[in-house]
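Student: In our numbering, the protein residues as written are 642 to 757.
Ideal Cβ placement from N, Cα and C applies to all residues, glycine included.
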């Protein structure tokens, strides 16, 4: 029984390491990245089970790329949304990516944010 509890703890820790490891690899690829890189990073993102914790959501915010990258940013946004909100309560810089603006608008206005 002790061995099984230890195994569950390791699995839980590995689960919580996934968002941190994704964030450590930098932002998601941009639209013009190689298909293999987009697929690899998408698999990393999809391997993270929701709901995420507040700490995991904060780490994942750093993963937004400057563009939507063929919908990968929307997948990231939905994963962040499984965690406690709001994640961003400070207005992002005007040149910040759409993901940051959407998270901020959701927290302030409870709305999806700008679509342009």
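Please state if the CB of residue 703 and the CB of residue 714 are separated by a distance shorter than 8 Å.
Tutor: Result no, Cβ atoms of residue 714 and residue 703 do not sit closer than 8 Å.
Student: Please tell me whether residue 724 and residue 700 are closer than 8 Å, where the distance is taken between their beta carbons.
Tutor: Against a cut-off of 8 Å, the Cβ pair of residue 700 and residue 724 comes out as no contact.
Student: Considering only the beta carbon of each residue, do residue 740 and residue 717 sit closer than 8 Å?
Tutor: In contact: residue 740 and residue 717 (Cβ atoms closer than 8 Å).
Student: What's the gap between the Cα of residue 742 and the Cα of residue 661?
Tutor: So the alpha carbons of these two residues sit roughly 22 Å apart.
Student: Taking the alpha-carbon of residue 710 as reference, which of 750, 732, 738, 751 has the nearest alpha-carbon?
Tutor: For residue 710, the nearest C-alpha among the options comes from 738.
Student: Does any residue of chain B bring its CB to less than 8 Å from the CB of residue 731?
Tutor: Checking the listed chains, one finds no chain B in this structure; it contains a single protein chain.
Student: Is residue 670 closer than 8 Å to residue 679 when the C-beta atoms are compared?
Tutor: It is a contact, given that the beta carbons lie within the stated cut-off.
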